[in-house]
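Written below as structure tokens is the structure these notes are about.
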Amino acid sequence: MALSSSVPLPFTCPKVKIGSSSSSSSNYCLLGNWWGASLFNRRALGTTAIEAVPKQESSSPWLMLPPKFGSYYKFYKLADNKVDTLSPSDAIRELPITCCRGSTHGWLALLGNDTCILYNPISRRHIKLPSILNLPRMPYQDEENTDFSDITKMILTCSPDDEDEENCRALIINNWANALAFCWPGRSKEWTLMLDENNNNREANIFYDDCVYSPRLKLFFALTNRRKIETWDFGEPASSPPKLIKVDKCYLDTSLETSPFQSLCDDNDYLVSAGEDILYVIQYAMTPVGPDGSYLHDTVSGFPHVTVRFDIFKYDRKKGKFKYVDGSSSSCLGGYAIFVGALSHSVAIPATRFPELKPDSIYFTDGYFPGSFDGYDDDYHFDDELVRGHDIGIYNYQDKTVSPCYYPCDVPSLKTIMPPPTWFFPN
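Written out as structure tokens, the structure is:
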């Protein structure tokens, strides 16, 4: 299977502008043609398909809207096309919650300076986790303690309410320490670093972009910023330490790595468990984009980013290789609806179970980690407002188009949404 020679425009944006903001119209080109697959020779990669595996889900995902911590939580339900408000428990109201660092299996990972809890906004149950202020240090670290801003994501291997709750682990990405750590919710008094024999020599500039646990494979996968995938085995019994059993490099098509495409877009990388498949998902956000939807030269500040494309690769664990998933065929993603975002657990759900979901599509929230906005200059704004947390939509992997999901996705309508919305998966 091969990609078509051109790709339809993925959002309401008729042109791409190459050059400075004062460039003449001759410097414009049609985005649909520029974005064509002719730039990237996918055939050299080989292509693959994803098999759909039935999975019982209690509900389709909700979009968690900006909450007022301690006051209420708002959720947009895709199935009902309406917003519901849930009040937190009295115990949660009294906690100094500062941020959310995870949405996984129906639970929110809520953090404060000395607080770390799991909270289920439906059952209103909460579980206290060990403080992250006293995370064990890596051998190369100094004496400084970790704080909540160093934690970029937390996921669970399963819900603490499941029958397998004794094996439930909470896993965090601690990018200040360039490390992973885990605990047993409700039982652990401290976090345990996930170490292997090479951690003493780990380079300081290696970070983790995402992680996922596969319940079918009973393996944990972590993706680094060097596009390497680590495979960890928690083993049996559940009390045994995790063991790093494999590390593979994701080699992409060289035409992708060297094309002008890389200079026009930032990418956000995710790992997704889809049945027995592990998918490597790349989200491309063009930045900056002007009010008319044109690409602006990177020296121009004050304009937002917009997601324009996704690429997906299926991980062949036995061969240690990644095959490109061709979107030109029907049921290219096995009928899955894939959910990704900076804070949520990446999930693939068979769309046949929920008629409101679009099959072979990627539901995305803003891929920029909230902490990454701290370094923006004060003049990063659009229409006199700071623009962040706004990049939300539904990407059709087959026809390469973007449609809105609750919020508008056309450039003139983009506004700041903070805290950024994230996916919530009712359990």
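Residue 146 in my numbering sits at position 61 of the sequence shown, and the numbers go up by one each step. C-beta: ideal position from N, C-alpha, C; glycine also. Values in this document were obtained by computation on a predicted structure and should not be read as measured data.
- Residue pairing by DSSP puts I257 in a beta bridge opposite M239, A266.
- In summary, Y157 is exposed, with fewer than 16 beta-carbon neighbours lying within 10 Å of its beta-carbon over all protein chains present.
- Going by C-alpha positions, T437 is about 7 Å away from G420.
- By the beta-carbon neighbour count (other beta carbons within 10 angstroms, threshold 16), P152 is buried.
- T450 and K334 have their C-alpha atoms some 26 Å from each other.
- If you draw a straight line from the Cα of A194 to the Cα of L214, it comes to about 10 Å.
- Straight through space, the alpha carbons of S415 and W261 are spaced by roughly 43 Å.
- Nearest C-alpha to F305 among Q368, A255, P206, I423: A255.
- For M503, same chain residues with a beta-carbon under 8 Å away, outside a window of 5 residues either side, are P151, P455, R473, G474 in chain order.
- Inter-residue distance for E361 and D445 is about 17 Å (C-alpha atoms, whole angstroms).
- In the three-state reduction of the DSSP assignment, P173 falls in the coil class.
- P373 is the residue among R186, S172, P373 whose C-alpha sits nearest the C-alpha of P389.
- In the displayed model, L280 falls within coil according to three-state DSSP, outside both helix and strand.
- Here G320 has K328 as same chain residues with Cβ atoms under 7 Å from its own Cβ, once five neighbours each way along the sequence are excluded.
- Per DSSP, the unbroken beta strand (DSSP E) holding V410 starts and ends at 406-410.
- Taking 8 Å as the upper bound for CB-CB distance, A359 and G452 are not in contact here, some 19 Å apart.
- The C-alpha of N205 is placed about 5 Å away from the C-alpha of W192.
- Taking 9 Å as the cut-off, the Cβ atoms of N263 and I217 do not count as close.
- The Cβ atoms of I207 and L171 sit closer than 9 Å to each other.
- CA-CA distance, P245 to W317, rounds to 21 Å.
- Straight-line measurement puts the Cα of A307 at about 29 Å from the Cα of R210.
- Residue pairing by DSSP places F398 opposite Y365, Y409 in a beta bridge.
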